[in-house]
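Student:
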Amino acid sequence: MNVSPVFEILDGRLDAGLVLLADHATNIVPEPYGRLGLPDSAFGRHIAYDIGIEPLTRQLAARLGVPAVMSRFSRLLIDPNRGEDDPTIIMRISDGAIVPGNHPITSEEWQHRIETYHRPYHGAVSDVIAKVAEASGKAPLVLSLHSYTPAWKGVPRPWHAAVLWDTDGRAVRPLIDGLEAAGDILVGDNEPYDGALKGDTMYRHCMITGIPHALLEVRQDLIADEAGVTAWADRLAPIFERLNADPKLHEYEIHASRTGPYPAQPITP
0 MNVSPVFEIL
10 DGRLDAGLVL
20 LADHATNIVP
30 EPYGRLGLPD
40 SAFGRHIAYD
50 IGIEPLTRQL
60 AARLGVPAVM
70 SRFSRLLIDP
80 NRGEDDPTII
90 MRISDGAIVP
100 GNHPITSEEW
110 QHRIETYHRP
120 YHGAVSDVIA
130 KVAEASGKAP
140 LVLSLHSYTP
150 AWKGVPRPWH
160 AAVLWDTDGR
170 AVRPLIDGLE
180 AAGDILVGDN
190 EPYDGALKGD
200 TMYRHCMITG
210 IPHALLEVRQ
220 DLIADEAGVT
230 AWADRLAPIF
240 ERLNADPKLH
250 EYEIHASRTG
260 PYPAQPITP
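In numbering that gives the first Met the number 0, the protein residues as written are 0 to 268.
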(Lines of atoms letter the chains of each structure in order from A and count residues from 1; the text may use other names and numbers.)
(Lines give C-alpha, C1' and ligand atoms only; values in the text may rest on other atoms or scores of the structure.)
Protein backbone atom coordinates (compact mmCIF):
# COMPACT_ATOMS: atom_id res chain seq x y z
CA MET A 1 0.00 0.00 0.00
CA ASN A 2 1.27 3.45 -0.94
CA VAL A 3 -0.41 6.35 0.85
CA SER A 4 0.41 9.98 0.06
CA PRO A 5 -1.48 13.20 0.85
CA VAL A 6 -2.82 13.05 -2.70
CA PHE A 7 -3.55 9.41 -3.48
CA GLU A 8 -3.67 5.92 -2.04
CA ILE A 9 -2.62 2.85 -3.99
CA LEU A 10 -4.06 -0.47 -2.84
CA ASP A 11 -1.69 -3.31 -3.57
CA GLY A 12 -2.71 -6.20 -5.78
CA ARG A 13 -1.42 -8.62 -8.39
CA LEU A 14 -0.05 -6.53 -11.22
CA ASP A 15 -0.10 -9.51 -13.58
CA ALA A 16 -3.85 -9.96 -13.08
CA GLY A 17 -4.42 -7.27 -15.69
CA LEU A 18 -7.13 -5.28 -13.87
CA VAL A 19 -6.95 -1.77 -12.40
CA LEU A 20 -9.65 -0.14 -10.25
CA LEU A 21 -9.92 3.63 -9.91
CA ALA A 22 -11.82 5.87 -7.48
CA ASP A 23 -11.46 9.52 -8.50
CA HIS A 24 -13.76 10.85 -5.77
CA ALA A 25 -13.02 8.44 -2.94
CA THR A 26 -12.68 10.88 -0.03
CA ASN A 27 -13.91 14.22 1.29
CA ILE A 28 -10.49 15.20 2.67
CA VAL A 29 -9.44 18.85 2.47
CA PRO A 30 -5.80 19.62 3.30
CA GLU A 31 -5.36 21.55 6.54
CA PRO A 32 -4.23 24.85 4.95
CA TYR A 33 -7.63 25.14 3.25
CA GLY A 34 -9.72 24.62 6.38
CA ARG A 35 -13.20 23.71 5.21
CA LEU A 36 -13.08 25.99 2.15
CA GLY A 37 -15.49 28.26 4.01
CA LEU A 38 -18.21 25.60 4.07
CA PRO A 39 -20.02 24.06 7.06
CA ASP A 40 -19.01 20.56 8.12
CA SER A 41 -22.35 19.27 6.85
CA ALA A 42 -21.29 19.99 3.26
CA PHE A 43 -18.63 17.30 3.50
CA GLY A 44 -21.21 14.60 4.10
CA ARG A 45 -22.84 15.44 0.77
CA HIS A 46 -22.16 14.25 -2.75
CA ILE A 47 -20.62 17.62 -3.60
CA ALA A 48 -17.55 16.65 -1.55
CA TYR A 49 -17.05 13.01 -2.62
CA ASP A 50 -18.69 9.90 -4.03
CA ILE A 51 -20.53 8.41 -1.08
CA GLY A 52 -19.83 4.70 -0.56
CA ILE A 53 -17.11 4.40 -3.18
CA GLU A 54 -14.05 4.22 -0.91
CA PRO A 55 -15.26 1.16 1.04
CA LEU A 56 -16.63 -0.44 -2.13
CA THR A 57 -13.29 -0.01 -3.89
CA ARG A 58 -11.42 -1.45 -0.89
CA GLN A 59 -13.67 -4.51 -0.78
CA LEU A 60 -13.44 -5.16 -4.50
CA ALA A 61 -9.67 -4.71 -4.65
CA ALA A 62 -9.24 -7.11 -1.73
CA ARG A 63 -11.61 -9.74 -3.13
CA LEU A 64 -10.17 -9.61 -6.63
CA GLY A 65 -6.57 -9.22 -5.49
CA VAL A 66 -5.97 -6.32 -7.89
CA PRO A 67 -4.49 -2.83 -7.48
CA ALA A 68 -6.61 0.27 -7.06
CA VAL A 69 -5.84 3.98 -7.06
CA MET A 70 -7.98 6.30 -4.93
CA SER A 71 -7.76 10.06 -4.56
CA ARG A 72 -7.25 11.55 -1.08
CA PHE A 73 -8.67 15.02 -1.64
CA SER A 74 -12.20 16.31 -1.97
CA ARG A 75 -13.58 17.15 -5.38
CA LEU A 76 -14.42 20.53 -3.82
CA LEU A 77 -10.70 21.32 -3.73
CA ILE A 78 -10.14 20.22 -7.33
CA ASP A 79 -11.88 17.56 -9.40
CA PRO A 80 -9.50 14.85 -10.70
CA ASN A 81 -12.17 13.67 -13.13
CA ARG A 82 -11.87 16.84 -15.20
CA GLY A 83 -9.30 17.96 -17.72
CA GLU A 84 -6.86 20.66 -16.68
CA ASP A 85 -8.50 23.14 -19.06
CA ASP A 86 -12.05 22.35 -17.90
CA PRO A 87 -13.55 25.40 -16.14
CA THR A 88 -15.42 23.11 -13.73
CA ILE A 89 -12.21 21.55 -12.41
CA ILE A 90 -12.56 23.89 -9.40
CA MET A 91 -16.20 24.54 -8.61
CA ARG A 92 -17.31 27.93 -7.31
CA ILE A 93 -20.88 26.71 -6.85
CA SER A 94 -21.74 23.03 -6.45
CA ASP A 95 -25.38 21.92 -6.39
CA GLY A 96 -26.45 25.26 -4.94
CA ALA A 97 -23.64 25.48 -2.39
CA ILE A 98 -21.35 28.47 -2.85
CA VAL A 99 -17.74 27.49 -2.10
CA PRO A 100 -16.11 30.59 -0.53
CA GLY A 101 -12.63 29.05 -0.63
CA ASN A 102 -12.90 28.74 -4.41
CA HIS A 103 -14.20 32.22 -5.19
CA PRO A 104 -12.44 34.44 -5.68
CA ILE A 105 -9.39 32.37 -6.61
CA THR A 106 -6.16 33.58 -8.16
CA SER A 107 -4.65 32.04 -11.27
CA GLU A 108 -1.62 31.15 -9.11
CA GLU A 109 -3.76 29.20 -6.65
CA TRP A 110 -5.64 27.53 -9.51
CA GLN A 111 -2.34 26.33 -10.98
CA HIS A 112 -1.02 25.34 -7.54
CA ARG A 113 -3.93 22.96 -7.03
CA ILE A 114 -3.39 21.40 -10.46
CA GLU A 115 0.31 20.87 -9.81
CA THR A 116 -0.05 19.76 -6.17
CA TYR A 117 -3.12 17.51 -6.31
CA HIS A 118 -4.48 16.88 -9.81
CA ARG A 119 -1.24 15.97 -11.61
CA PRO A 120 0.22 13.75 -8.86
CA TYR A 121 -3.02 11.76 -8.71
CA HIS A 122 -2.96 11.20 -12.45
CA GLY A 123 0.73 10.39 -12.23
CA ALA A 124 -0.14 7.59 -9.81
CA VAL A 125 -2.88 6.32 -12.13
CA SER A 126 -0.50 6.32 -15.10
CA ASP A 127 2.17 4.54 -13.08
CA VAL A 128 -0.13 1.74 -11.90
CA ILE A 129 -1.60 1.22 -15.37
CA ALA A 130 1.91 1.03 -16.86
CA LYS A 131 3.06 -1.46 -14.23
CA VAL A 132 0.02 -3.68 -14.82
CA ALA A 133 0.56 -3.55 -18.58
CA GLU A 134 4.21 -4.53 -18.14
CA ALA A 135 3.53 -7.33 -15.65
CA SER A 136 0.61 -8.82 -17.58
CA GLY A 137 2.09 -8.31 -21.04
CA LYS A 138 -1.22 -7.01 -22.35
CA ALA A 139 -3.56 -4.06 -22.20
CA PRO A 140 -5.03 -3.67 -18.72
CA LEU A 141 -8.76 -3.52 -18.14
CA VAL A 142 -9.54 -0.31 -16.25
CA LEU A 143 -12.76 0.03 -14.25
CA SER A 144 -13.55 3.36 -12.63
CA LEU A 145 -15.99 3.49 -9.70
CA HIS A 146 -18.29 6.40 -8.89
CA SER A 147 -21.65 7.03 -7.21
CA TYR A 148 -24.56 9.39 -7.83
CA THR A 149 -27.48 10.83 -5.87
CA PRO A 150 -30.83 9.00 -5.83
CA ALA A 151 -32.58 12.18 -6.98
CA TRP A 152 -31.61 15.38 -8.75
CA LYS A 153 -33.51 18.63 -8.23
CA GLY A 154 -36.38 16.64 -6.74
CA VAL A 155 -36.62 14.14 -9.62
CA PRO A 156 -35.96 10.52 -8.57
CA ARG A 157 -33.36 8.55 -10.49
CA PRO A 158 -34.70 5.04 -11.09
CA TRP A 159 -31.42 3.43 -12.12
CA HIS A 160 -29.65 1.34 -9.49
CA ALA A 161 -26.39 1.70 -11.37
CA ALA A 162 -25.13 3.28 -14.55
CA VAL A 163 -22.37 2.55 -17.03
CA LEU A 164 -20.85 5.61 -18.68
CA TRP A 165 -18.77 5.54 -21.83
CA ASP A 166 -17.69 7.42 -24.94
CA THR A 167 -17.35 5.21 -28.05
CA ASP A 168 -15.25 2.28 -26.81
CA GLY A 169 -18.00 -0.09 -25.75
CA ARG A 170 -15.94 -3.28 -25.47
CA ALA A 171 -16.36 -3.56 -21.71
CA VAL A 172 -19.69 -1.75 -21.57
CA ARG A 173 -22.15 -4.31 -22.90
CA PRO A 174 -20.70 -7.22 -20.88
CA LEU A 175 -20.83 -5.05 -17.75
CA ILE A 176 -24.45 -3.99 -18.33
CA ASP A 177 -25.48 -7.55 -19.18
CA GLY A 178 -23.73 -8.86 -16.07
CA LEU A 179 -25.48 -6.37 -13.84
CA GLU A 180 -28.90 -7.03 -15.33
CA ALA A 181 -28.39 -10.79 -15.06
CA ALA A 182 -27.43 -10.50 -11.39
CA GLY A 183 -30.93 -9.59 -10.26
CA ASP A 184 -33.68 -6.99 -10.41
CA ILE A 185 -31.31 -4.20 -11.43
CA LEU A 186 -32.15 -1.24 -13.65
CA VAL A 187 -28.96 -0.06 -15.34
CA GLY A 188 -28.51 3.29 -17.03
CA ASP A 189 -26.61 3.27 -20.32
CA ASN A 190 -25.01 6.74 -20.30
CA GLU A 191 -27.75 7.81 -17.89
CA PRO A 192 -28.03 9.89 -15.74
CA TYR A 193 -24.75 11.19 -17.20
CA ASP A 194 -23.00 10.96 -20.55
CA GLY A 195 -19.57 9.34 -20.39
CA ALA A 196 -18.01 11.38 -23.20
CA LEU A 197 -16.06 14.11 -21.41
CA LYS A 198 -12.92 15.51 -22.96
CA GLY A 199 -9.95 15.33 -20.62
CA ASP A 200 -11.58 13.26 -17.87
CA THR A 201 -9.89 10.23 -16.33
CA MET A 202 -11.18 7.66 -18.82
CA TYR A 203 -10.39 9.95 -21.76
CA ARG A 204 -6.91 10.69 -20.48
CA HIS A 205 -5.80 7.18 -19.50
CA CYS A 206 -7.90 4.88 -21.68
CA MET A 207 -9.53 6.48 -24.73
CA ILE A 208 -6.33 8.09 -25.99
CA THR A 209 -4.27 4.97 -25.34
CA GLY A 210 -6.77 2.37 -26.59
CA ILE A 211 -7.16 0.63 -23.21
CA PRO A 212 -10.47 -1.22 -22.58
CA HIS A 213 -12.43 0.45 -19.81
CA ALA A 214 -15.78 1.37 -18.30
CA LEU A 215 -17.01 3.81 -15.69
CA LEU A 216 -19.52 2.35 -13.26
CA GLU A 217 -21.77 4.54 -11.12
CA VAL A 218 -23.77 3.07 -8.21
CA ARG A 219 -26.68 4.97 -6.68
CA GLN A 220 -25.55 6.36 -3.35
CA ASP A 221 -28.47 5.22 -1.22
CA LEU A 222 -27.63 1.62 -2.15
CA ILE A 223 -24.06 1.83 -0.79
CA ALA A 224 -24.56 4.30 2.05
CA ASP A 225 -23.84 1.72 4.76
CA GLU A 226 -21.65 -1.34 5.27
CA ALA A 227 -24.41 -3.80 4.39
CA GLY A 228 -25.08 -2.04 1.10
CA VAL A 229 -21.40 -1.86 0.22
CA THR A 230 -20.95 -5.58 0.92
CA ALA A 231 -24.04 -6.46 -1.12
CA TRP A 232 -22.70 -4.54 -4.10
CA ALA A 233 -19.22 -5.98 -3.69
CA ASP A 234 -20.86 -9.43 -3.75
CA ARG A 235 -22.67 -8.46 -6.94
CA LEU A 236 -19.76 -6.79 -8.74
CA ALA A 237 -16.80 -9.03 -7.90
CA PRO A 238 -17.84 -12.01 -10.09
CA ILE A 239 -18.86 -9.67 -12.92
CA PHE A 240 -15.49 -7.94 -12.84
CA GLU A 241 -13.76 -11.33 -12.77
CA ARG A 242 -15.62 -12.45 -15.88
CA LEU A 243 -14.80 -9.24 -17.72
CA ASN A 244 -11.15 -9.52 -16.77
CA ALA A 245 -11.02 -13.12 -18.03
CA ASP A 246 -12.08 -12.05 -21.55
CA PRO A 247 -9.00 -11.80 -23.82
CA LYS A 248 -10.81 -9.24 -25.99
CA LEU A 249 -10.75 -6.85 -23.04
CA HIS A 250 -6.96 -6.93 -22.95
CA GLU A 251 -6.22 -5.60 -26.41
CA TYR A 252 -5.21 -2.08 -27.39
CA GLU A 253 -7.75 -0.56 -29.76
CA ILE A 254 -8.15 3.18 -30.23
CA HIS A 255 -11.66 4.51 -30.81
CA ALA A 256 -12.46 8.05 -31.94
CA SER A 257 -14.03 10.19 -29.22
CA ARG A 258 -17.40 11.88 -29.52
CA THR A 259 -15.72 14.94 -27.98
CA GLY A 260 -13.57 15.55 -31.05
CA PRO A 261 -10.02 14.86 -32.23
CA TYR A 262 -7.40 13.74 -29.77
CA PRO A 263 -4.59 16.16 -28.87
CA ALA A 264 -1.49 15.98 -31.05
CA GLN A 265 0.66 15.51 -27.95
CA PRO A 266 -0.20 12.92 -25.28
CA ILE A 267 -1.59 14.23 -22.01
CA THR A 268 1.10 13.78 -19.37
CA PRO A 269 0.82 13.93 -15.57
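In this text, a Cβ means the ideal position worked out from N, Cα and C, and glycines have one as well.
Mind checking which residues open and close the beta strand (DSSP E) that includes F6?
Tutor: Within the sequence shown, the letter at position 7 stands for residue 6. Element bounds for F6: F6 to L9.
Student: Smallest Cα separation from L185: which of I46, L196, C205 and H159?
Tutor: Stepping through the sequence shown from its first residue, residue 185 is reached at position 186. With distances taken between Cα atoms, L185 lies closest to H159.
Student: In terms of alpha-carbon separation, which member of P4, A134 and P191 lies closest to E30?
Tutor: The sequence position of residue 30 within the sequence shown is 31, counting from 1. Closest by alpha carbon: P4.
Student: Using DSSP with H/G/I as helix, E/B as strand and the rest coil, what is I180?
Tutor: Indexing the sequence shown from 1 puts residue 180 at position 181. Correcting the residue identity first, residue 180 is Ala in this sequence and not Ile. Three-state DSSP puts A180 in a helix.
Student: Do S146 and R218 count as a contact pair if the criterion is CB distance below 8 Å?
Tutor: Within the sequence shown, the letter at position 219 stands for residue 218. Within the sequence shown, the letter at position 147 stands for residue 146. Their beta carbons are under 8 Å apart, which means R218 touches S146 by this criterion.
Student: Excluding the 5 residues flanking E252 on each side, which residues of the same chain have their C-beta closer than 6 Å to its C-beta?
Tutor: Here residue 252 is taken as the residue at index 253 of the sequence shown, counted from 1. G209, listed in sequence order.
Student: Kindly list the residues whose CB is nearer than 6 Å to the CB of L13, restricted to its own chain and excluding five residues on each side of it in sequence; keep chain order.
Tutor: Numbered from its first residue, the sequence shown carries residue 13 at position 14. Correct list, in chain order: K130, V131 and A134.
Student: If I follow the unbroken beta strand (DSSP E) through R218, where does it start and stop?
Tutor: Position 219 of the sequence shown holds residue 218. Looking at the DSSP string, the run of the beta strand (DSSP E) that includes R218 is H212 to R218.
Student: Would you call the CB atoms of R81 and D199 closer than 8 Å?
Tutor: Taking the sequence shown and counting its residues from 1, the one referred to as residue 81 is at position 82. Taking the sequence shown and counting its residues from 1, the one referred to as residue 199 is at position 200. A contact, by the Cβ cut-off of 8 Å.
Student: Can you give the beta carbon distance from I52 to H23, rounded, assuming they're within the 8 Å contact cut?
Tutor: As a working mapping, residue 52 is identified with position 53 in the sequence shown. As a working mapping, residue 23 is identified with position 24 in the sequence shown. The Cβ separation is near 7 Å, so the contact holds.
Student: With distances taken from CA atoms, which of T148, L221, R241 and L142 is nearest A180?
Tutor: What you label residue 180 is simply residue 181 of the sequence shown in a count that begins at 1. Nearest C-alpha to A180: R241.
Student: Of all the options V2, A213 and E190, which has the alpha carbon lying nearest to the alpha carbon of E72?
Tutor: Your numbering for residue 72 matches position 73 in the sequence shown. A small correction: the amino acid at residue 72 is Phe; Glu does not occupy that position in the sequence shown. Residue V2 is the option with its Cα nearest to F72.
Student: Where does the unbroken alpha helix (DSSP H) through G122 begin, and where does it stop?
Tutor: Translated into the one-based positions of the sequence shown, residue 122 becomes position 123. Residues R118 to S135.
Student: Buried or exposed: which applies to A138, given that a residue is buried once 16 or more other Cβ atoms fall within 10 Å of its Cβ?
Tutor: Position 139 of the sequence shown holds residue 138. Buried, since its Cβ has 16 or more Cβ neighbours within 10 Å.
Student: Can you look up I97 in the DSSP assignment and give me helix, strand or coil?
Tutor: Here residue 97 refers to the residue found at position 98 when the sequence shown is read from its first residue. Strand at I97.
Student: Leaving out five residues before and five after P173 in sequence, what residues of the same chain have Cβ atoms less than 6 Å from its Cβ?
Tutor: Taking the first residue of the sequence shown as position 1, residue 173 is located at position 174. L242.
Student: According to DSSP, is H285 helix, strand or coil?
Tutor: Residue 285 falls outside the range modelled here, since the chain spans only 0 to 268, and no answer is possible.
Student: In this structure, how does DSSP classify G82 when only helix, strand and coil are distinguished?
Tutor: Walking along the sequence shown from the start, residue 82 turns up at place 83. In the structure shown, G82 sits in coil (DSSP, three-state: anything other than H, G, I, E or B).
Student: Less than 8 Å between the C-beta atoms of G136 and L35, yes or no?
Tutor: Translated into positions along the sequence shown, residue 136 becomes position 137. Translated into positions along the sequence shown, residue 35 becomes position 36. Going by C-beta atoms, G136 is not nearer than 8 Å to L35.
Student: On the three-state DSSP scale, how would you describe W151?
Tutor: The residue given as residue 151 occupies position 152 in the sequence shown. Here W151 sits in strand by DSSP.
Student: Can you give the beta carbon distance from P66 to D10, rounded, assuming they're within the 8 Å contact cut?
Tutor: By 1-based counting over the sequence shown, the position of residue 66 is 67. By 1-based counting over the sequence shown, the position of residue 10 is 11. Confirmed, Cβ separation roughly 6 Å.
Student: Would you check if the distance between the CB atom of P149 and the CB atom of D224 is smaller than 8 Å?
Tutor: Start at 1 with the first residue of the sequence shown, and residue 149 comes out as number 150. Start at 1 with the first residue of the sequence shown, and residue 224 comes out as number 225. No; because the gap between Cβ atoms is not below 8 Å, this pair is not in contact.
Student: Would you tell me roughly how many angstroms separate the C-alpha atoms of G95 and M201, rounded to the nearest one?
Tutor: Taking the sequence shown and counting its residues from 1, the one referred to as residue 95 is at position 96. Taking the sequence shown and counting its residues from 1, the one referred to as residue 201 is at position 202. Their backbone Cα atoms lie some 27 Å apart in a straight line.
Student: Cα separation between L144 and L19?
Tutor: In the sequence shown, residue 144 corresponds to position 145, counting from 1. In the sequence shown, residue 19 corresponds to position 20, counting from 1. Looking at the two C-alpha atoms, the distance is approximately 7 Å.
Student: For E250, count neighbouring Cβ atoms within 10 angstroms of its own Cβ and tell me buried if that reaches 16, exposed if not.
Tutor: Along the sequence shown, one-based indexing puts residue 250 at 251. It is exposed - the Cβ of E250 has fewer than 16 other Cβ atoms within 10 Å.
Student: Grab me the residues of P86's own chain with a C-beta within less than 8 Å of its C-beta, minus the 5 sequence neighbours each way, in chain order.
Tutor: Residue mapping note: residue 86 aligns to position 87 of the sequence shown, counting from 1. There are no such residues.
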